[in-house]
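Let me begin by presenting the structure, written as structure tokens, before commenting on it.
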Amino acid sequence: MIEPYEVYKLYLAIKLHFTTKSYDVVKYKGKVRVKPETFRKRKDMVSIKKLARDYKREEIIDFLVANFVSGERWGGLFDIQASKRYEDWKAKKNQREYLFQRDVSKILLEMEKQKVGAFFEKNGKQGLTFRLYFGRMIEIETLVILDKIFDFVEETDDILLEDVVLLVKKYRPFVKVTDSMREVAKTLTQ
Numbered sequence: 000m001i002e003p004y005e006v007y008k009l010y011l012a013i014k015l016h017f018t019t020k021s022y023d024v025v026k027y028k029g030k031v032r033v034k035p036e037t038f039r040k041r042k043d044m045v046s047i048k049k050l051a052r053d054y055k056r057e058e059i060i061d062f063l064v065a066n067f068v069s070g071e072r073w074g075g076l077f078d079i080q081a082s083k084r085y086e087d088w089k090a091k092k093n094q095r096e097y098l099f100q101r102d103v104s105k106i107l108l109e110m111e112k113q114k115v116g117a118f119f120e121k122n123g124k125q126g127l128t129f130r131l132y133f134g135r136m137i138e139i140e141t142l143v144i145l146d147k148i149f150d151f152v153e154e155t156d157d158i159l160l161e162d163v164v165l166l167v168k169k170y171r172p173f174v175k176v177t178d179s180m181r182e183v184a185k186t187l188t189q
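Following my numbering, the numbering of the sequence shown begins with 0 at its first residue and continues without gaps.
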């Protein structure tokens with residue numbers, strides 16, 4: 000069992016990672032400055048202790064990532080839907096290759112329909128892939144995988160894209176790309 004204080008430090012590290020541009024949980028190896036006294040004064044100890052009791056360290060990281068990625072600004076600590084979001088996220092993670100292949104097929108179909116030559120546009124413009132994501136036709140993980148393969152997501156001044164660009168960049172360390180995903184992604188450039 001992981002200690003509640005360690006859970007709290009994980010929570011802070013992952014929260015900083017997903018909510019700020021400057022903190023990188025991988026670069027800093029999850030280290031955050033927090034005094035045990037600060038932790039003991041918290042009023043949300045029940046939630047933190049419950050996570051420590053119910054999950055292993057890696058599961059806690061996944062739990063927090065799943066909730067921050069879904070847009071939950073507290074990482075699911077205070078939300079009764081947090082466990083459901085985590086279970087849904089795990090199910091998607093287990094089907095990631097299938098979902099990616101499905102999403103790439105959707106992108107190819109839309110490229111053909113709209114007579115678009117590339118699945119992405121540079122220069123901070125909202126390309127086809129982002130439009131499909133905003134239309135809930137493809138998963139955020141598909142954007143992350145494509146970005147890890149093609150490095151096409153770039154900083155932007157576009158208010159509509161700004162939050163998604165940050166999310167894609169911050170989610171990258173938590174999404175694995177397989178060789179079969181790379182092969183599927185190649186179909187977008189042929």
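All residues carry an ideal CB built from backbone N, CA and C; glycine is no exception.
Assumed close pair residue i, residue j - CB separation to whole angstroms, cut-off 8 Å
i    : j    : result
A184 : I139 : Incorrect: roughly 16 Å between the Cβ atoms, too far for contact.
A51  : E2   : 6 Å
L9   : I60  : 6 Å
E16  : Y7   : Reading the sequence as shown, one finds His at residue 16 and not Glu. That pair is no contact at about 15 Å.
M110 : L127 : 7 Å
L159 : F151 : At roughly 17 Å, the Cβ-Cβ gap does not stay under 8 Å, so L159 and F151 are not in contact.
F129 : V176 : Incorrect: roughly 19 Å between the Cβ atoms, too far for contact.
Endpoints, the alpha helix (DSSP H) within which residue i is located
i    : result
L38  : Correcting the residue type first, residue 38 is Phe in the shown sequence and not Leu. 35–39 is the span of the alpha helix (DSSP H), which, as asked, contains F38.
E111 : 95–113
L9   : 3–18
A65  : 56–68
L187 : Looking at the DSSP string, L187 is not in any alpha helix (DSSP H), and its letter there is neither H nor E.
S46  : 44–53
I158 : 158–170
R32  : Segment: none, R32 is in no alpha helix (DSSP H) and carries neither H nor E.
V201 : Outside the displayed range of the chain (0 to 189) lies residue 201, so it cannot be described from this structure.
L76  : Element bounds for L76: n/a, residue is neither H nor E.
R130 : 127–133
Backbone CA spacing between residue i and residue j [nearest angstrom]
i    : j    : result
M180 : T37  : 44 Å
F173 : K83  : 19 Å
V143 : K40  : 37 Å
V103 : L187 : 7 Å
Y4   : P35  : 7 Å
S46  : K20  : 27 Å
K105 : A81  : 29 Å
V24  : K30  : 8 Å
V64  : I13  : 7 Å
Q94  : W88  : 10 Å
F62  : F118 : 31 Å
T44  : L107 : Per the sequence shown, the amino acid found at residue 44 is Met instead of Thr. So the two alpha carbons sit approximately 48 Å from each other.
E161 : Q100 : 26 Å
V68  : K114 : 32 Å
Q189 : D178 : 17 Å
D156 : D53  : 42 Å
K55  : M0   : 7 Å
L98  : G74  : 24 Å
Y27  : K112 : 45 Å
I194 : R72  : Residue 194 is absent from the model: the chain starts at 0 and stops at 189.
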